[in-house]
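Here is the structure we will look at.
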Amino acid sequence: MNLEVTSYLDKVKELLKNVTSIRLAEAHDEESVHQILESVSMKLQDGLELVLSRRPSLSSSYDEVLMKPIIFVDQQAKSATATISETAFYRFGKRALGFYSSDLRMSENTPLSVKKEFATFYPELVASAPSTSLFLTTVLKDNLRAMKLFSKLSKNLHYNPYIELLTRTLVILPTAKTTVPKIMISKASQHTKELENYLENKMKEAEFSPDLPNLRKRHDPGLEFILMGENKKIVGYFSLYRPKSKNLIAKVGNRRIKLLLFLIKFLTRNDLTKKVPWSYLNHLILDDPKHLKDVLSHLFRLKILKAGELLSFTHLKNQVFEGDHDKWFMGLPQIETESIVFKVETKENPHSLLTHALMDPTIL
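Structure below.
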């Protein structure tokens, strides 16, 4: 577990001198952290529950999304963990230091004393971040109650809504209905310079964006695409990405989900209760949202997606894309989850929700 020493980490270590039930995770705690993460599920809409796994390597799972993690555990490393990662975001094309809070897990066996001390300690972690940085976390809409309970335990801690997101997940089955794309779609590698200029301009226009230039380096060049409009002008970009060090496991909820998982296993032999073969339609940037079906049809027709995979894509909730809130889209089952990216601050500071942001679902 490679915890790079930074000035922020030095501040964290100073704060920990006054804490008795929480410490930094060490290399020998890795298996314990895996077990804690996998012991607590995330409850989503429609009765679906997901369990996050960062196997086989904690450090690799964070490296993959350009985050330097500081991982906390309870003293015995048995029931509680949380992570604050140093990273970078962009605002109107300018790089900004960022911190991302994730993987807060407390099992039913976590002593109340640990919960209370972490609730007191967490605002100090937020206050220790540079004032010019962005300190963010993402909460599923279905889990807002847990966040509010935690914030009540914490003095001087405020979750101020920043971005509202809608994540749509399609179950890839042989029933997919494709159409001939109505716009030209080409491999991005054939238009390198034009794409760099297009993305640079998009980042300058965006109120928020991830570290797109460096995140793109993870991608297989054969799985990056552009949309070409009139006069061979780029009017969209997307990539397909399969995470290497972060997995999800599905847990059966209501009857509809149970039947859906049975159907997937019957048609594809994939048991999603053991591992979810997840793919992301990453960095989905479309000048005109009507081309969403063209993008998906292109992937289906090239047979890039495999039956039994789950394909997720995320966009701002206020963006209008065809098929929003439908149970089926293009002949495929669709599961939707809503989430909110919060600015975590030590004072109440209401913001207008962002209306123009580029997203990367793999960093959330």
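Everything in the sequence shown is counted per this note's numbering, starting at -13 for the first residue and increasing by one. Backbone N, C-alpha and C fix where the C-beta goes; we use that ideal spot for every residue, glycine too.
Go ahead and label residue i buried or exposed: buried means 16 or more other beta carbons lie within 10 angstroms of its beta carbon, across all protein chains shown.
| i | result |
| --- | --- |
| L272 | buried |
| E94 | exposed |
| T341 | exposed |
| E210 | buried |
| H311 | exposed |
| K(-1) | exposed |
| K54 | buried |
| A66 | buried |
Helix, strand or coil for residue i per DSSP?
| i | result |
| --- | --- |
| L152 | strand |
| I171 | strand |
| E324 | strand |
| R81 | strand |
| P275 | helix |
| A113 | helix |
| R202 | helix |
| K127 | helix |
| P229 | coil |
| R241 | helix |
| H342 | coil |
| L267 | strand |
Per DSSP, residue i forms a beta bridge with which residues?
| i | result |
| --- | --- |
| R9 | V59 |
| R41 | Paired residue(s): none; R41 is not in a bridge. |
| E72 | K54, F85 |
| T300 | T153 |
| F107 | Note: F107 sits in no beta bridge, so no partner. |
| K329 | L122, N146 |
| S195 | Y76 |
Give me, in chain order, the residues of the same chain whose beta-carbon lies closer than 8 Å to that of residue i; leave out the 5 immediate sequence neighbours on both sides.
| i | result |
| --- | --- |
| E186 | G79 |
| L122 | F75, G84, F85, Y86, S87, Y148, V327, F328, K329, V330 |
With a cut-off of 8 Å on the beta carbons, I'd call residue i and residue j a contact; round off their distance for me.
| i | j | result |
| --- | --- | --- |
| L83 | T118 | 7 Å |
| M189 | L344 | 7 Å |
| P263 | G294 | 6 Å |
| E150 | L302 | 7 Å |
| S363 | K(-3) | Nothing about residue 363 can be read from this structure; the chain reaches only from -13 to 350. |
Counting only the same chain and skipping the five closest in sequence on each side, list residues whose C-beta sits under 6 Å from that of residue i.
| i | result |
| --- | --- |
| H164 | Note that residue 164 corresponds to Thr in the displayed sequence, not to His. Excluding positions up to five away in sequence, the list reads S283, F286, R287. |
| V112 | F121, V330, T332 |
Going by beta carbon distance, what residues of the same chain come within less than 7 Å of residue i, once the five residues before and after it are set aside?
| i | result |
| --- | --- |
| N(-12) | Because N(-12) carries a pLDDT of 42, less than 50, the predicted location of this residue cannot be relied on, and the following value inherits that uncertainty. Closer than 7 Å at the Cβ level, and outside the excluded window around N(-12), lie S45. |
| L23 | L38, S39, R40, T67, D89, R91 |
Hey, is residue i close to the ligand HEM, as in C-beta under 7 Å from one of its heavy atoms?
| i | result |
| --- | --- |
| E180 | Summarising the ligand content, the structure contains no ligands, and the ligand HEM is consequently not present. |
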